[in-house]
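S.K.: Provided herewith is a single structure, encoded as structure tokens, for subsequent inquiry.
Protein chains in written order, with the numbering used here: chain A, 11 to 538; chain B, 5 to 115.
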């Protein structure tokens with residue numbers, strides 16, 4: 011074993027382990043200290059460290075020519091669990107860490123009226139471990155485990171305010187639907203394992219090509235039938251967390267009663283991770299429409315485009331008639347998840363660039379909108395748009411953030427989401443799918459009408475009832491300002507960001523050769 | 005020219021043009037605030053508060069939209085968005101069955 015081990019090589023493994031370890035430690039810390047402040051400082055510090063660690067991983071991924079491999083216990087792939095991190099997954103890891111850090115900071119004031127926050131923070135850290143673990147793993151069974159960690163934390167986070175009936179109902183519905191999804195994914199894994207004889211992603215990609223991988227050799231059974239059935243189940247299972255029509259029903263109900271911090275993270279990170287997993291299967295393991303499984307992949311790509319279009323239409327049509335601010339923004343997540351699915355379904359590198367860029371832009375803008383909604387609801391105590399009338403004038407910083415976020419999501423140039431939608435339109439045009447641009451425009455127009463409804467109610471209307479004098483606390487205003495600035499900056503810097511950050515990440519996702527080679531080299535070294 | 009750069013140029017020129025027009029408007033228009041009499045809501049002599057004068061959420065343009073597509077909303081609500089889990093699962097499993105059949109046939113026949 012001549013591997014050069016340096017401490018920095020352990021950073022990828024440290025990210026989920028630190029989050030899980032801290033999640034277990036937090037209730038004990040609270041038991042000893044009985045202090046809410048200690049819990050808050052602890053979580054903000056841990057999420058801050060997580061942000062630093064994921065940034066180091068991102069730096070390593072962008073400065074390396076091949077994916078970063080971390081072998082747990084130095085077991086060679088495919089025997090042991092392996093983290094295989096390329097630029098695509100590293101980028102999503104940082105994005106998730108940013109969302110968690112800002113959510114932790116925001117929660118310290120947002121949850122000031124709630125009790126039992128130590129459990130909320132425990133679940134938040136578990137949620138982070140699950141999301142980052144899903145992004146980093148190179149093993150489909152470990153992916154299942156991390157997805158369970160993510161899901162279970164998410165169900166409980168939705169029901170954090172257990173005195174609110176909508177929260178409990180939303181959580182139960184989400185838990186039932188989500189459990190079915192994870193079970194179905196588990197069944198898909200059994201099909202894959204039974205025919206390929208491996209759970210390692212690089213090994214699977216090698217076997218799809220008919221290559222021999224160390225230890226497992228070649229595939230065991232009929233990979234054609236198994237791939238077809240497994241892929242159908244995988245797309246079905248992950249389209250639930252991604253809230254793609256017709257698997258979207260749970261999302262508005264779950265977001266209504268949940269803390270807005272959960273909604274912001276779920277919209278920005280959990281939805282992205284689900285779509286990322288579908289992309290990883292389609293483009294890295296099965297190697298897209300140019301790979302050996304081209305007909306099966308082609309059928310899934312068509313399904314993604316159809317589901318994306320339906321999500322954009324159904325989401326925007328329902329969004330416009332909502333009266334509850336959280337529910338309205340929740341439907342917007344379905345719309346934007348649809349745009350990302352369309353980008354992934356086009357199947358060209360430009361389509362995936364559009365999808366990845368929109369994942370990042372949507373995460374930023376959606377977190378901004380949810381935090382703004384949280385600020386209003388925190389002061390007024392109601393989510394009804396009529397009750398929020400006039401509150402925007404009392405909270406100018408939040409209202410500026412709301413306007414920026416709403417315009418960004420509606421696709422107003424030169425804000426960030428417009429840029430990703432423009433690339434998506436360009437990708438559709440180049441793929442001879444020009445009529446589908448009309449779907450994006452239609453959904454964007456309806457979304458704009460819905461966002462204007464919020465702006466009209468909170469800012470243009472006179473208050474219908476006496477509003478409290480309270481304004482947004484700095485800890486609730488800073489994330490709003492930061493995200494609003496990011497929406498503008500990402501839009502203005504799009505011509506630089508796309509070629510330097512997004513395109514290399516997409517190149518890595520599509521570079522199956524490199525993905526297989528990196529794992530194979532490590533396996534051969536460790537077996538020597 | 006790069007499409008994204010082009011958009012930035014267009015957007016910048018629009019913002020600049022709007023800013024110039026706004027400055028010109030501020031210079032040309034009278035700076036004093038309108039009298040309270042001018043801003044008072046007038047409804048044929050009736051006493052009308054600003055709260056009553058502004059349209060509520062239900063009466064906003066979305067109401068027109070909702071009425072125009074009443075059948076569409078009725079269909080969407082009654083067929084899927086009922087809030088009942090079994091209704092949701094009908095559509096979800098329908099999609100799963102279609103996906104399974106199509107992908108199985110494609111994998112067996114075309115791959």
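The beta-carbon is built from N, C-alpha and C at its ideal position, and this holds for glycine as well. Please read all numbers here as calculations on a predicted model, not as lab measurements.
In the structure shown, what three-state DSSP assignment does residue 79 (chain A) receive?
M.R.: Looking at residue 79 (chain A) - three-state DSSP - the assignment turns out to be strand.
S.K.: Verify whether the separation of the beta carbon atoms of residue 386 (chain A) and residue 401 (chain A) is less than 7 Å.
M.R.: It is a contact, given that the beta carbons lie within the stated cut-off.
S.K.: May I ask you to verify whether the stretch 409-425 of chain A touches the stretch 305-318 of chain A, counting CB pairs closer than 8 Å and requiring at least 3?
M.R.: Not touching, per the Cβ criterion.
S.K.: Whole angstroms are fine: how far does the CA of residue 22 (chain B) sit from the CA of residue 118 (chain B)?
M.R.: Beyond the ends of chain B as shown, which are 5 and 115, falls residue 118 (chain B); an answer cannot be given.
S.K.: For a test of the three-state rule: what should DSSP assign to residue 13 (chain A), helix, strand or coil?
M.R.: At residue 13 (chain A) the pLDDT is 46, less than 50, meaning the model places this residue with poor confidence and gives no usable figure here.
S.K.: Look at residue 321 (chain A) and residue 348 (chain A) and say whether their C-beta atoms are less than 7 Å apart.
M.R.: Yes, the Cβ-Cβ distance between residue 321 (chain A) and residue 348 (chain A) is below 7 Å.
S.K.: Just verifying my parser: in three-state terms, what is the DSSP assignment at residue 94 (chain A)?
M.R.: It is a strand residue.
S.K.: Note down the Cα distance separating residue 272 (chain A) from residue 212 (chain A), rounded to an integer number of angstroms.
M.R.: For residue 272 (chain A) and residue 212 (chain A), the distance between alpha carbons rounds to 33 Å.
S.K.: Could you work out which residues of chain A lie near residue 6 (chain B), taking near to mean beta carbons separated by less than 8 Å?
M.R.: Near residue 6 (chain B) (Cβ distances below 8 Å), the residues of chain A are 505.
S.K.: Considering only the alpha carbon of each residue, which of A:346, A:381, A:46 lies closest to residue 365 (chain A)?
M.R.: For the residues A:346, A:381, A:46, the minimum Cα distance to residue 365 (chain A) belongs to A:346.
S.K.: For a test of the three-state rule: what should DSSP assign to residue 47 (chain B), helix, strand or coil?
M.R.: Residue 47 (chain B): strand per DSSP, three-state reduction.
S.K.: Under 7 Å, Cβ to Cβ, is there at least one residue of chain A near residue 108 (chain B)?
M.R.: Yes, residue 108 (chain B) counts as interfacial toward chain A.
S.K.: Can you name the start and end residues of the alpha helix (DSSP H) that residue 382 (chain A) belongs to?
M.R.: Residues 359-390.
S.K.: Between the C-alpha atoms of residue 360 (chain A) and residue 458 (chain A), what's the straight-line distance to the nearest angstrom?
M.R.: Taking the straight line joining both Cα atoms gives about 26 Å.
S.K.: Short of 9 Å Cβ to Cβ, which residues in the stretch 69-80 of chain B face chain A?
M.R.: Of all residues in the stretch 69-80 of chain B, 69, 70, 73, 76, 77, 80 have a Cβ within less than 9 Å of some Cβ in chain A.
S.K.: Taking only beta-carbon positions, decide if residue 258 (chain A) is within less than 7 Å of chain B.
M.R.: Taking Cβ atoms only, chain B never reaches closer than 7 Å to residue 258 (chain A), which makes this a no.
S.K.: Taking buried to mean at least 16 other C-beta atoms within 10 Å of its own C-beta, is residue 51 (chain A) buried or exposed?
M.R.: Exposed: under 16 other Cβ atoms inside 10 Å.
S.K.: List the residues of chain B that residue 300 (chain A) touches, going by C-beta distances under 9 Å, in chain order.
M.R.: Simply none; closest approach about 14 Å.
S.K.: Touching or not, the stretch 9-17 of chain B and the stretch 86-93 of chain A, by the rule of three or more beta carbon pairs under 8 Å?
M.R.: No contact exists between the stretch 9-17 of chain B and the stretch 86-93 of chain A.
S.K.: Does residue 429 (chain A) have its Cβ less than 7 Å from a Cβ in chain B?
M.R.: So yes, residue 429 (chain A) belongs to the interface.
S.K.: Is DSSP giving residue 210 (chain A) helix, strand or coil here?
M.R.: Strand, per DSSP.
S.K.: Please say whether residue 461 (chain A) and residue 377 (chain A) have beta carbons closer to each other than 7 Å?
M.R.: No, the pair does not count as a contact, with Cβ atoms beyond the cut-off.
S.K.: Which of the residues in the stretch 218-242 of chain A, read from start to end, lie with their CB under 7 Å from any CB of chain B?
M.R.: Correct list: 234, 235, 237, 238, 239, 241, 242.
S.K.: Would DSSP call residue 170 (chain A) helix, strand or coil?
M.R.: Here residue 170 (chain A) sits in coil by DSSP.
S.K.: Nearest-angstrom Cα distance between residue 163 (chain A) and residue 139 (chain A)?
M.R.: Answer to the nearest angstrom: the Cα atoms are 10 Å apart.
S.K.: Rounding to the nearest angstrom, what Cα-Cα distance links residue 78 (chain B) and residue 328 (chain A) in this structure?
M.R.: Their Cα atoms are separated by approximately 11 Å.
S.K.: Can you tell which of A:257, A:353, A:362 has the C-alpha that lies nearest to the C-alpha of residue 344 (chain A)?
M.R.: Ranking A:257, A:353, A:362 by Cα distance to residue 344 (chain A) puts A:257 first.
S.K.: Measuring alpha carbon to alpha carbon, tell me which of A:287, A:350, A:526 ends up nearest residue 142 (chain A).
M.R.: It is A:287 whose Cα lies nearest to the Cα of residue 142 (chain A).
S.K.: Tell me, please, whether the stretch 195-204 of chain A touches the stretch 238-250 of chain A by the rule of three or more beta-carbon pairs shorter than 8 Å.
M.R.: Output reads yes: the stretch 238-250 of chain A touches the stretch 195-204 of chain A.
S.K.: Which same chain residues, not among the five before or five after residue 33 (chain A), have their C-beta less than 6 Å away from its C-beta?
M.R.: Excluding sequence neighbours, residue 33 (chain A) sits near 132, 135, 136.
S.K.: Could you check if residue 17 (chain B) is buried or exposed, using at least 16 other CB atoms within 10 Å of its CB as the buried criterion?
M.R.: So residue 17 (chain B) ends up on the exposed side.
S.K.: Taking only beta-carbon positions, decide if residue 94 (chain B) is within less than 7 Å of chain A.
M.R.: Residue 94 (chain B) does not count as touching chain A.
S.K.: Could you spell out the range, first to last residue, of the alpha helix (DSSP H) harbouring residue 263 (chain A)?
M.R.: Per DSSP, residue 263 (chain A) belongs to the alpha helix (DSSP H) from 260-267.
S.K.: I'd like to know if residue 292 (chain A) contacts chain B, where contact means its C-beta is closer than 7 Å to some C-beta of that chain.
M.R.: Not closer than 7 Å to any Cβ of chain B, the Cβ of residue 292 (chain A) fails to qualify, so no.
S.K.: For residue 222 (chain A), which three-state DSSP category applies?
M.R.: Coil at residue 222 (chain A), not helix or strand.
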